[in-house]
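**Student:** Right, I'll just put the structure down here and ask away after.
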Amino acid sequence: MKQRLLFLGPPGAGKGTQAQRLAAEQGLLHLSTGDLLRAEVEAGSELGREAKAVMARGELVSDALVLAIVRSRLEGQDGGWLLDGFPRNLAQAEALDALLASLGQSIELVVLMELDDGVLLQRLLSRGRADDNEEVIRHRLEVYREQTSPLIAHYRGLGLLQSVEAAGTVEVIGERIAALLTTQGTDS
Ligand code: AP5
Ligand code: MG
Numbered sequence: 000m001k002q003r004l005l006f007l008g009p010p011g012a013g014k015g016t017q018a019q020r021l022a023a024e025q026g027l028l029h030l031s032t033g034d035l036l037r038a039e040v041e042a043g044s045e046l047g048r049e050a051k052a053v054m055a056r057g058e059l060v061s062d063a064l065v066l067a068i069v070r071s072r073l074e075g076q077d078g079g080w081l082l083d084g085f086p087r088n089l090a091q092a093e094a095l096d097a098l099l100a101s102l103g104q105s106i107e108l109v110v111l112m113e114l115d116d117g118v119l120l121q122r123l124l125s126r127g128r129a130d131d132n133e134e135v136i137r138h139r140l141e142v143y144r145e146q147t148s149p150l151i152a153h154y155r156g157l158g159l160l161q162s163v164e165a166a167g168t169v170e171v172i173g174e175r176i177a178a179l180l181t182t183q184g185t186d187s
């Protein structure tokens, strides 16, 4: 069973929903940089104050800040993990590779969740998080296309990527993902 996983996909694809379920089922550490940043904002920490306005605009928080958060949580973590919303650009992917190499660990599977923009927008508008208004959602989608989507080719090239159709019920999508954890081979 693969247990060092990345969830990749546009805002609203269901990364958090599926990551949380799978992590609970398999006893993995669920590391969502978005959730961790929102907790810092909520706590009013220095880090949170730095991140708040950037997140409200739908832009990416600095790589250094996000990396510090991830590093502190992966160090000393022997079991499996599931990274959700990180890495978000090639620089973060490279930094993650270096961090994992130093820990003697590696990524076993990258799950790409794919969904139409129209469905994403509807899901997010009905959720209503602080950054879920139409203008900011559109900007998050643009940022995803420009900065995050190059990771698809990156991980495909490493033979780690599998894509999943992210439309349907939470349960059905969960089954599609679960099936990938035990199979060999990736998208070509
Ligand atoms: P982040 O928190 O990562 O947000 P995001 O990528 O925009 O994605 P979401 O969390 O909105 O969507 P999701 O794919 O997790 O879907 P979810 O399961 O919630 O990032 C937020 C901000 O933080 C960024 O803009 C940036 O500023 C900063 N940040 C975070 N990480 C960073 C990084 N690494 N570097 C720099 N900055 C970073 O589902 C969405 C909704 O749909 C929910 O309401 C859910 O209930 C519903 N839903 C889910 N599945 C289904 C289904 N099958 N059917 C119907 N509804 C569903
Ligand atoms: Mg999320």
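Numbering (numbering that gives the first Met the number 0) for the sequence shown: 0 to 187. Heads up, the beta-carbon is just placed ideally off N, CA and C, and yes, glycines get one too. Predicted model, so just to flag it, every value in this text is computed and none were measured.
Please list, in chain order, all residues of the same chain as arginine 72 whose beta carbon is under 6 Å from its beta carbon, the five residues on each side excluded.
**Tutor:** Cβ neighbours of arginine 72 beyond the five flanking positions: Leu30.
**Student:** Can you check DSSP and say which residues form a bridge with glutamine 121?
**Tutor:** Beta-bridge pairing links glutamine 121 to no other residue.
**Student:** How big is the Cα-Cα spacing for valine 169 and glutamine 17?
**Tutor:** Between valine 169 and glutamine 17, the C-alpha separation is close to 7 Å.
**Student:** Residues in its own chain within less than 6 Å of arginine 175 by CB, not counting five upstream and five downstream?
**Tutor:** For arginine 175, where only same-chain residues beyond five positions count, the Cβ hits under 6 Å are Val163.
**Student:** Compare the beta carbon distance of leucine 157 and leucine 108 with 8 Å and say whether it is the shorter of the two.
**Tutor:** Contact: no.
**Student:** Tell me whether the beta-carbon of arginine 87 lies closer than 8 Å to the beta-carbon of leucine 120.
**Tutor:** No; because the gap between Cβ atoms is not below 8 Å, this pair is not in contact.
**Student:** Give the DSSP-derived three-state secondary structure of leucine 140 in the structure shown.
**Tutor:** Helix at leucine 140.
**Student:** Hey, which unbroken runs of the alpha helix (DSSP H) at 4 residues or more fall wholly within the region 51–105?
**Tutor:** For the region 51–105, whole alpha helix (DSSP H) runs of length 4 or above, ordered along the chain, are 62–73, 89–102.
**Student:** Leaving out five residues on either side along the sequence, give the residues of the same chain with a beta carbon under 7 Å from the beta carbon of valine 201.
**Tutor:** For the chain, the structure presents residues 0 to 187; residue 201 sits outside this window and is missing.
**Student:** According to DSSP, simplified to helix, strand and coil, what is glutamine 25?
**Tutor:** Correct three-state label for glutamine 25: helix.
**Student:** Within 8 Å, do at least three Cβ pairs link the region 99–114 to the region 144–159?
**Tutor:** The region 144–159 vs the region 99–114: in contact.
**Student:** Cα separation between arginine 3 and glycine 15?
**Tutor:** If you take the alpha carbons of arginine 3 and glycine 15, they lie about 16 Å apart.
**Student:** Verify the contact flag: threonine 181, CB atom, against every heavy atom of the ligand AP5, threshold strictly below 7 Å.
**Tutor:** False, no ligand heavy atom lies under 7 Å from that Cβ.
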